[in-house]
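Worksheet: the structure to be examined is printed underneath.
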Amino acid sequence: MTAVVFWVLVLLATVTGLLTAWALGANSNSPPFAPAIGANAISTMRAAFLIGLLAALGALTQGGSISETVGSGLINGVAFSSLAATAGLLTATAFMAFGVYTGYPVPAAFATTGAMVGVGLALGGTPAFETYRRIATFWVLVPPVSGGLAYLTATILRRDDIPETVGVPVLAALVGGIVANVQLGVIPAPPGEEQSSLARFLSGFVDTPAVAGVELGVVVVSVLAAAASFQFIRRRTQASVEGGVRTFLVALGSIVAFSSGGSQVGLATGPLENLYRVELGLPGIVLLAIGATGILAGAWMGAPRLLQATSREYAQLGIRRSIAALVPGFVIAQLAITLGIPISFNNIIISGVIGGGLAGGSAGVSRRKIGVTLAFWIITLVTSVAVGFGVYRALAAVLGG
């Protein structure tokens, strides 16, 4: 391959990665605010603006782990070249763009994972069955876990014997404690580590013992963060129950949008990992910045349409059930980032929306829409493998890659 062809392919792969990130910003990063819009807690355009900013920040600070999984963990024995990355990203982007313009949520993780597996097989690689097992287990568990937690949370919030001035602040405390332990690349980390959490960083200023392998200082900071979150939302709910609940709903959607950026950017940058970090020798932050830029543009340009589709069509939720849909979304997103597992936010949030909707009876939930969505997820995963395989073989035949 001549130098000219190589750099043309680098440019093509980069542009394709940007387009994929754009589709992610418009498609998979939209659902975190869908429940808030459905509950009339925030306008569609304002939600799209916030999604872009928050998801881009999440991409820069949390995107590395899943990017590595997509870039090197799906296929054994081969490395993705610039042509292979382009083929995989073109395939995934086509699926996601279809979702944006039809209004049906397309699982980006399914499309990208399937496409890169297909490309890897076309390169002559062997399946990474252990990785598939971990990913498949996580994916299968997401709908029942997300829906179940949302159903439980919504049921509790609807109980007459638990006042909202207590129930909602308790949920805020749970979220605040988890936020304190979220791993971020911008927080100074111990030697040999790339990320750290706010709780771990602050606890480092004071020498504290470890109990059963858990640092006491981290526990103390986490409890303080939970207490501060509880007190803030409790004061808001005491002043106005509806106002306090809406505040928590928007804050929770913001946190989930941030988390979604950390997960979804890896679907756009993962195929480029070998090209940028090995062949070009560039630091990972450059690749994440490219992905974050695409996500920002996609959210601002394409998110409003899908936001309306997911918030209005799946279930007409009230504020309490909307909160119930977002809580498991945040927890599952951070778990996926920690484990380095590519995940579809459509899967998480829609499952939560359904679970929250069922807590108030099944009348507000369209069973036909649920069935169509599940079928579409499976079709996406299977067909993306075949299409990715075919696209790479076609490009290689034409370009000699």
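Basically the numbering used here = 1-based index in the sequence shown + 165. We put the CB at the ideal spot given by N, CA and C, even for glycine.
{"Check": "Pair within 7 Å by beta-carbon distance, Ala-274 and Ile-508", "Outcome": "yes"}
{"Check": "Span of the alpha helix (DSSP H), counted from its first residue to its last, around Val-488", "Outcome": "The sequence shown places Ile at residue 488, rather than the Val named in the question. Here the alpha helix (DSSP H) through Ile-488 covers 484 to 504."}
{"Check": "Local conformation of Asn-205 per DSSP, three classes", "Outcome": "coil"}
{"Check": "Rounded straight-line distance, which links the Cα of Ala-188 to that of Thr-234", "Outcome": "20 Å"}
{"Check": "Backbone CA spacing between Val-175 and Ser-387 [nearest angstrom]", "Outcome": "44 Å"}
{"Check": "Limits of the unbroken alpha helix (DSSP H) element including Gly-378", "Outcome": "Note, Gly-378: premise wrong, no alpha helix (DSSP H); not H, not E."}
{"Check": "Minimum C-alpha distance to Leu-472 - residue among Asn-194, Ala-224 and Val-170", "Outcome": "Asn-194"}
{"Check": "Status (buried if at least 16 other CB within 10 Å, exposed otherwise) for Val-537", "Outcome": "exposed"}
{"Check": "Bridge partners - Ser-361, DSSP secondary structure assignment", "Outcome": "Leu-349"}
{"Check": "Expected contact under 8 Å - CB spacing of Glu-329 and Val-410 to nearest Å", "Outcome": "6 Å"}
{"Check": "Assigned secondary structure, Pro-309 (DSSP; H/G/I helix, E/B strand, else coil)", "Outcome": "helix"}
{"Check": "Alpha carbon of Ile-231 to alpha carbon of Ala-392, nearest angstrom", "Outcome": "31 Å"}
{"Check": "Runs of alpha helix (DSSP H) wholly within the stretch 256 to 301 (minimum 4 residues, chain order)", "Outcome": "273 to 288"}
{"Check": "DSSP state of Ala-480 mapped onto helix, strand, coil", "Outcome": "No answer about Ala-480 holds up, because its pLDDT of 46 lies below 50 and its placement is not dependable."}
{"Check": "Contacts around Ala-221, its chain only, beta-carbon distance under 7 Å, and the 5 residues preceding and following it disregarded", "Outcome": "Gly-426, Ala-457, Ile-460 and Leu-461"}
{"Check": "Cβ-based neighbour list, Ile-535, same chain, cut-off 7 Å, excluding 5 preceding and 5 following", "Outcome": "Ile-519"}
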